[in-house]
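Data first, discussion second: the structure below is written as structure tokens.
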Amino acid sequence: MDIMPVTAGPAGVPGAPPADPEPASGTRFTVLGPLEIHDGLRIRTPRAHKLRVLLALLLVRCNTVVSTDALISELWGDRPPRTALKALRVYVSQLRRTLSVLPPHGRRPVIVTRDPGYRLEIDDGTLDLVRFERLCELGRMATDEGDLERALRHYRAATGLWRGPALVDVRSSSVLEGVALSLEESRISALERRIRLQIRLGGHVGVIGDLRALATEHPLHERVHAQLMVALYLAGRRADALAAFRVLREACVTDLGVEPSHDLQALHRSILESDEASTPHWETWIA
């Protein structure tokens, strides 16, 4: 299948760093949560289910051609009706009418016909997914350059774009389900990076609530639990840090039949012994 999440590339000349596209002041498309089209005043998202799925499929591959075969397969499954191609053209026409009344932000969003299918052309700043990917890339670059405060600003902006599980209301398509799962991994990664930066900059108390929520959502995610342990210990809550390890260990043993990793056990020992100088065990999780 040829539908995968859009990956934002560098903007401008070859080799230039990716610019953060400005958030749209008028038309905005959102997939990091419910699928929505905003025109600056109200939501104009189509209500018909297949129209919404088609819009989502084109958005996650915006500015790239998505084949007719792929769209038909995702809209109707393995046994599309004989009229599927005609119906797809009708849906595309309906989406074009919806897009035609939207206020432009730069170029007006439009669906163009390009062999072997269709391409939704939009400005980068109108789609939250593109902004998220660009901001994460800027955060990685700032981290590599040693500018942790700038990196933290980028990751905060990136994670702040999320309004719930990605594509939460249009996951009937197998491809969109896969895209949503991939985006959830990207969200967790961005949150981890933001939290690591906050801890390194002395903001360990402020991340405990976020880490507890993440640990509840992902009870077997070692890095999340390790960061929670570190944040609690640095906040002077050694007993809570040790309790967080016990919760993870019980989940690992009960659900997987294995002990936590050696690195996590080493972190647990360093907290148990109040050995904050044991940097190898700490740096594994917050570097």
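At the far end of the sequence shown sits residue 292, using this note's numbering, and the numbering has no gaps. Backbone N, C-alpha and C fix where the C-beta goes; we use that ideal spot for every residue, glycine too. This structure is a prediction, so every number in the text was calculated from the model and none was measured.
Alpha helix (DSSP H) segment containing residue i, residue limits
i: Leu186; result: 179-205
i: Thr73; result: 73-81
i: Leu261; result: Taken as a continuous stretch (DSSP letters only), Leu261 belongs to no alpha helix (DSSP H), as it is neither H nor E.
i: Arg87; result: Looking at the DSSP string, Arg87 is not in any alpha helix (DSSP H), and its letter there is neither H nor E.
i: Glu255; result: 243-256
i: Arg176; result: First-last for Arg176: undefined, no H or E at that position.
i: Val58; result: 54-64
8 Å Cβ cutoff met for residue i and residue j
i: Val175; j: Tyr123; result: no
i: Thr35; j: Asp129; result: no
i: Ile291; j: Val235; result: yes
i: Glu197; j: Val229; result: yes
i: Ala220; j: Leu37; result: no
i: Val184; j: Val65; result: yes
i: Leu277; j: Leu247; result: yes
i: Arg139; j: Ile116; result: no
i: Val58; j: Glu79; result: yes
i: Thr32; j: Thr131; result: yes
Opposing strand residues paired with residue i [DSSP bridges]
i: Leu225; result: Paired residues: none, contrary to the question.
i: Arg33; result: His43
i: Ile48; result: His43
Other residues of its chain near residue i: CB distance less than 6 Å, five sequence neighbours each side excluded
i: Asp268; result: Thr289
i: His273; result: Phe250
i: Arg84; result: none
i: Arg155; result: Ala147
Residues near residue i in its chain [Cβ-Cβ closer than 7 Å; skip 5 each side]
i: Ile200; result: Val212, Asp215, Leu216, Gln232
i: Leu157; result: Arg199, Leu202, Gln203, Leu206
i: Leu60; result: Leu40, Pro51, Leu100
i: Tyr96; result: Lys55, Leu56, Leu59
i: Cys257; result: Leu225, Val263, Glu264, Pro265
Close-in-space but distant-in-sequence residues of the same chain around residue i (CB under 8 Å, 5 per side omitted)
i: Trp81; result: Ala89
i: Ser266; result: Glu227
i: Arg168; result: Thr35, Leu37, Gly38, Pro39
i: Pro19; result: Here the model assigns Pro19 a pLDDT of 37, short of 50, so the residue's position is not dependable and the matter cannot be decided.
i: Asp120; result: Val70
i: Glu126; result: Cys67, Asn68, Arg112, Pro114, Val115, Ile116, Val117
i: Ser279; result: Arg243
i: His223; result: Ile193, Val229
Runs of alpha helix (DSSP H) wholly within the segment 98-154 (minimum 4 residues, chain order): Segments of the alpha helix (DSSP H) lying fully in the segment 98-154: 133-149.
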